[in-house]
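*Asks:* I have a structure I would like to understand better, so I am pasting it below and will then ask my questions one at a time.
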Amino acid sequence: QLREALTEHRSGTSAADAGLTQSVQRLFYDMTQTVEPIAPFLLLNNLRRLAPQFAEQDRSGGFAQQDADEAWTQLISALRTTLASDGSRSRIDQLMSIGLQKTLTNTENESESPSTSSESVLKLECNISGTTNFLASGILDNLDQQIEKTSPSLGRVAIYKQKTRISRLPTYLAIHMVRFYWRRDIQKKAKIMRKVKFP
């Protein structure tokens, strides 16, 4: 379905995100024409044109290492704005959006009514800790969390249990493996180098 949406895409604008979409379209086409490896230089050049931070160079003159999630977000954003919509939602939303239902319960005041909300996201987060061995357990850890928030009944910050449930699964499910966390002792981001198994 994504390939169909890309095949149907016609260039109607000179915007940078349209150029990125065209290069994805071209890459998909090129992959159908050969079994040999393909270097996606056009895609990379258009990504760097759209988001100049991906063109940054390191001290040796090569391209600096970049965050994969930021690149993914730029790519999906470009596709979302340029691929034709089918009805009221963009094709990317139809193919990739995940419906979430969230319930917040005050753990310090049971008489406070739980609040519920719904949202749509384009990726699920898999929180990786020092004990995460499987993708599913990392996703489950992210779905049930404790957060701090101002309590209207207590008039102060309180601990809430946030329970998130998936109400809609997409055709294509994107997972963000969250490996970085903030270390207060060194005031820097640290990466968890742990192998996580997934199906």
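Numbering (our numbering), first residue to last: 1436 to 1634. Quick reminder that beta carbons are idealized off the backbone N, C-alpha and C, glycines included.
Identify, in the order they occur along the chain, each residue of the same chain with its Cβ nearer than 8 angstroms to the Cβ of Asp1493, setting aside the five sequence neighbours on each side.
*Replies:* Translated into positions along the sequence shown, residue 1493 becomes position 58. Taken in chain order, the residues that qualify are Ala1499 and Gln1500.
*Asks:* Where Tyr1595 and Lys1537 are concerned, what is the direct C-alpha to C-alpha distance, given to the nearest angstrom?
*Replies:* Along the sequence shown, one-based indexing puts residue 1595 at 160. Along the sequence shown, one-based indexing puts residue 1537 at 102. The alpha-carbon atoms of Tyr1595 and Lys1537 are separated by roughly 12 angstroms.
*Asks:* I'd like the ranges of any beta strand (DSSP E) spanning at least 3 consecutive residues and lying wholly in the segment 1584 to 1629.
*Replies:* Counting only runs of 3 or more, we get 1591 to 1603, 1610 to 1613, 1615 to 1618 and 1623 to 1626.
*Asks:* Can you tell me which of Asn1577, Tyr1607 and His1611 puts its alpha carbon nearest to the alpha carbon of Gln1597?
*Replies:* Along the sequence shown, one-based indexing puts residue 1597 at 162. With distances taken between Cα atoms, Gln1597 lies closest to Asn1577.
*Asks:* Which of the three DSSP states is assigned to Thr1517 in this structure?
*Replies:* In the sequence shown, residue 1517 corresponds to position 82, counting from 1. Three-state DSSP puts Thr1517 in a helix.
*Asks:* Report the start-end ranges of each alpha helix (DSSP H) in the segment 1448 to 1484 that is 4 residues or longer and not cut off at the edges.
*Replies:* Correct list: 1451 to 1468.
*Asks:* Taking C-beta to C-beta, are Leu1557 and Thr1599 nearer than 8 angstroms?
*Replies:* For the purposes of this step, residue 1557 is identified with residue 122 of the sequence shown, where counting begins at 1. For the purposes of this step, residue 1599 is identified with residue 164 of the sequence shown, where counting begins at 1. Against a cut-off of 8 angstroms, the Cβ pair of Thr1599 and Leu1557 comes out as no contact.
*Asks:* Have a look at Val1631, Gln1529 and Thr1551 and flag the residue whose alpha-carbon is nearest the alpha-carbon of Ser1572.
*Replies:* Indexing the sequence shown from 1 puts residue 1572 at position 137. It is Val1631 whose Cα lies nearest to the Cα of Ser1572.
*Asks:* Identify whether Thr1567 lies in helix, strand or coil by the three-state DSSP scheme.
*Replies:* In the sequence shown, the residue the question calls residue 1567 occupies position 132. DSSP places Thr1567 in coil when its eight states are reduced to three.
*Asks:* Could you give the distance in angstroms between the alpha-carbon of Pro1420 and the alpha-carbon of Asp1465?
*Replies:* Because the chain is modelled from 1436 through 1634, residue 1420 falls outside the range shown and cannot be assessed.
*Asks:* Which residues mark the beginning and the end of the beta strand (DSSP E) in which Thr1442 is found?
*Replies:* By 1-based counting over the sequence shown, the position of residue 1442 is 7. That residue, Thr1442, is in no beta strand (DSSP E); its alpha helix (DSSP H) goes Leu1437 to Glu1443.
*Asks:* Between the C-alpha atoms of Thr1467 and Gln1457, what's the straight-line distance to the nearest angstrom?
*Replies:* Residue 1467 sits at position 32 when you count from the first residue of the sequence shown. Residue 1457 sits at position 22 when you count from the first residue of the sequence shown. Cα to Cα, the separation comes out at about 16 angstroms.
*Asks:* I'd like to know if the segment 1551 to 1566 and the segment 1621 to 1629 are in contact, where contact means that at least 3 CB-CB pairs between them fall below 8 angstroms.
*Replies:* Output reads yes: the segment 1621 to 1629 touches the segment 1551 to 1566.
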